[in-house]
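In the numbering used here, the protein residues as written are 1381 to 1755.
Positions of the beta carbon are idealized from the N, C-alpha and C atoms, including for glycine.
Since we're looking at a predicted model, the values are computed, not measured.
Notes follow the structure.
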Amino acid sequence: MARIHLSPPDVGDLEREALLRAFDSGWVAPVGPELDGFERDVAALTGWSGAVAMSSGTAALHLALLVSGVRPGDDVFVSSFTFVATANAVVYCGAEPVFIDSETTSWNMDPALLGEALDDAKRRGKLPAAVVVVDLYGQCADYEAIVPMCRELGIPVVEDAAEALGATHYGRPAGTLGDVGLFSFNGNKIITTSGGGMLVTPHDEVAERVRHLATQARMPAPHYEHEEVGYNYRLSNLLAALGRAQLARLPAMIERRIEINDRYRELLAGVDGLEFMPIAPWSGWNGWLTCVTFDTGGRRDRAMAALAAADVESRPAWKPMHLQPVFEHHRMWTGGVGDDVFARTLCLPSSSALPDSDVERVAHALISGVHAPSD
Ligand SMILES: *Cc1c(COP(=O)(O)O)cnc(C)c1O
């Protein structure tokens, strides 16, 4: 039996043909009609006119921070429960990440802890230059609480929607809930360009500024004039063609991921002490990863071992940044939620390419693991 992976790409003939068409068109460069088209498609999806395709979600995050005004020496408040890219991009700017722990409703940034951190920043006379809010596992954070707090103090909100393309918050698209947003199209995300990302903004002049910074800050002169340091962060036209083919299938992919989640719920209903990731009342979830929490970390580890023995890839939740050795000396506002979820959670294979028979194989292996006598 073939190994079952966590979230492999769901690509086929449609994507292959799009890629070859772009190749045959001669636009084999980080410029071309597919790139423009991909940006228009994402702009139409989000309703924000500014969309800039980039070589990765991390690159989009880096430029989102720069155009939000983050400078060396600044503080930036960041969701602690995330993939490391979120915090790394802050460090690329020479700024200091300050970590904010999660709430239990969606596992995203806790507005109460953010409030405490902002009060403390006011007292010390140094407000953060930006707040980066992550939409974890394809579910939006509590923007209704978070955004007004930041607006009142004039602090820009960067939405890291790397995992949340197609998700919504009370019907509003993920990516458009703060001041600037970004998506990732890495191989494991809900749609993929193999590697890539997109920054979204409601302001066309911000999009132009990002495009400029992403193309080595090259001025329109025949000899390439440069007035500042830029980056080589644009997406290839070939990969944009792949992205457009994937984006056309996004609604079906979301539907399939949620169907897989429903199937896991049926199959695992009899497992004591197992719960699924909470879905918040504001949330239109995109189904990116099905995550389950066990009553103890020991049972989680036994389930993970049983899955590995059945040649099934599963993973614990992201290790919160405030627990990562690389960030251990950074300031943090924690309430124990991230530590607890990290200790007891397992992410299960969730690709939209997964057939029902694989979902069943995963569930049966998991059940055999948690029901085995413990040693
Ligand atoms: C994947 C991811 C990123 C980074 O995106 P890349 O395209 O891999 O650079 C950033 N933030 C979060 C939350 C992610 O899951």
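Taking 6 Å as the cut-off, is the beta-carbon of Glu1543 closer than that to any non-hydrogen atom of ligand 1?
yes
For ligand 1, is there a heavy atom less than 6 Å away from the beta-carbon of Asp1540?
yes
Can you say whether Asp1736 is buried or exposed, counting buried as having 16 or more other CB atoms within 10 angstroms of its CB?
exposed
Mind checking which residues open and close the alpha helix (DSSP H) that includes Ser1737?
1736 to 1751
Relative to the C-alpha of Gly1430, which candidate in Ala1544, Glu1419, Leu1703 has its C-alpha closest?
Glu1419
Start-to-end residues for the beta strand (DSSP E) that takes in Asp1455
1455 to 1459
What's the C-alpha gap between Val1750 and His1744?
10 Å
Taking the alpha helix (DSSP H) that Ile1634 belongs to, which residues open and close that run?
1630 to 1647
Residue interval of the alpha helix (DSSP H) (run including Ile1526):
1523 to 1532
Can you find the residues in the same chain that come closer than 7 Å, C-beta to C-beta, to Asp1755, ignoring five residues on each side of it along the sequence?
Reliability fails at Asp1755, whose pLDDT of 46 lies under 50, so the model's placement of it is uncertain and the value that follows must be treated cautiously. No residues qualify anywhere along the chain.
Neighbourhood of Gly1437 by C-beta distance below 7 Å, restricted to the same chain and skipping five residues each side
Ala1465, Ala1542, Leu1562, Phe1563, Ser1564, Asn1566, Gly1577
Start-to-end residues for the alpha helix (DSSP H) that takes in Asp1540
Run containing Asp1540: none in the alpha helix (DSSP H); it sits in the beta strand (DSSP E), 1537 to 1540.
Under 6 Å from any heavy atom of ligand 1, does the C-beta of Ala1409 make it?
no
Pull up the DSSP beta-bridge partners for Thr1595, would you.
Asn1612
Tell me the start and end of each unbroken beta strand (DSSP E) in the segment 1695 to 1734 that is at least 3 residues and wholly inside, in chain order.
1725 to 1728
Can you find at least 3 beta carbon pairs, one from the segment 1723 to 1740 and one from the segment 1465 to 1481, that sit closer than 8 Å?
no
Compute the Euclidean distance between the alpha carbons of Ser1486 and Ala1621, then round it to the nearest angstrom.
34 Å
Please report the straight-line C-alpha distance between Ala1594 and Asp1490, rounded to a whole angstrom.
32 Å
Helix, strand or coil: how does DSSP classify Glu1655 here?
strand
Beta-carbon within less than 7 Å of Asp1421's beta-carbon, same chain only, minus the 5 sequence neighbours each way: which residues are those?
Arg1624, Leu1627
Measuring alpha carbon to alpha carbon, tell me which of Glu1414, Thr1462, Leu1734, Val1450 ends up nearest Ile1634.
Leu1734
Run the CB neighbour count on Met1684, radius 10 Å, all protein chains shown included, and call it buried at 16 or more, exposed below.
buried
Under three-state DSSP, which class holds His1442?
helix
Candidates Leu1443, Phe1461, Glu1414: closest to Pro1700 by CA position
Phe1461
Is the closest heavy atom of ligand 1 to the C-beta of Val1692 under 6 Å?
no
If we ignore side chains and look at the alpha-carbon of each, how far apart do Trp1665 and Glu1539 end up?
16 Å
Just the C-alpha distance for Ala1723 and Arg1401, rounded to the nearest angstrom, thanks.
47 Å
Would you say the segment 1646 to 1661 touches the segment 1499 to 1519, given that touching needs at least three Cβ pairs under 8 Å?
yes
Have a look at the DSSP bridge pairing and note the partners of Ser1564.
Gly1577
Considering Cα atoms alone, identify which of Asp1642, Gly1406, Val1672, Gly1667 is closest to Glu1655.
Val1672
Helix, strand or coil at Ser1663 [DSSP, three-state]:
strand
Report the three-state DSSP secondary structure of Glu1483 (helix, strand or coil).
coil
Residue closest to Asp1515, alpha-carbon to alpha-carbon, out of Val1537, Ala1554, Leu1494, Thr1670
Ala1554
Assuming Leu1386 contacts Glu1693 (C-beta within less than 8 Å), just tell me the rounded distance between them.
5 Å
In this structure, what does DSSP give as the bridge partners for Val1512?
Val1458, Val1538
Do the CB positions of Leu1630 and Ile1571 come within less than 7 Å of each other?
yes
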